[in-house]
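In my numbering, the protein residues as written are 4 to 77. For each residue, glycine too, the CB sits at the ideal point set by N, CA and C. Worksheet: the structure to be examined is printed underneath.
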Amino acid sequence: MQNYQNIITIDPNIRSGKPIIRGLRITVYDILEMLSDGMKFNEILADFPQLKEDDIYAVLSYAAQKEHKLSICA
Numbered sequence: 004m005q006n007y008q009n010i011i012t013i014d015p016n017i018r019s020g021k022p023i024i025r026g027l028r029i030t031v032y033d034i035l036e037m038l039s040d041g042m043k044f045n046e047i048l049a050d051f052p053q054l055k056e057d058d059i060y061a062v063l064s065y066a067a068q069k070e071h072k073l074s075i076c077a
């Protein structure tokens, strides 16, 4: 998924302006932490039924893009 801009948003009034998923109070960091702890997509989706599989892919795409930008600037 290349186009995460419609899913990952930043609202200064939600979670102190951290990147969130579709205006929900679930941050990119929250999902990345769950994945790094070994949670599977289906487990995350079961815990957060308001999420969709595309939301998790958007988080990964967002993180990859941020890492790519960091690599270019370094």
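Residue i classed as buried or exposed, judged by whether at least 16 other C-beta atoms fall within 10 angstroms
i	result
residue 13	exposed
Rounded separation between residue i and residue j - CA only
i	j	result
residue 50	residue 41	14 Å
residue 61	residue 21	15 Å
residue 46	residue 52	10 Å
residue 39	residue 16	27 Å
residue 68	residue 8	11 Å
residue 44	residue 6	19 Å
Residue of the options minimising C-alpha distance to residue i
i	options	result
residue 26	10, 36, 44 and 37	10
residue 65	16, 52 and 23	23
Cβ-based neighbour list, residue i, same chain, cut-off 6 Å, excluding 5 preceding and 5 following
i	result
residue 54	48
residue 30	18, 21 and 23
Bridge-paired residues (DSSP) for residue i
i	result
residue 47	Answer is none; residue 47 lacks a bridge partner.
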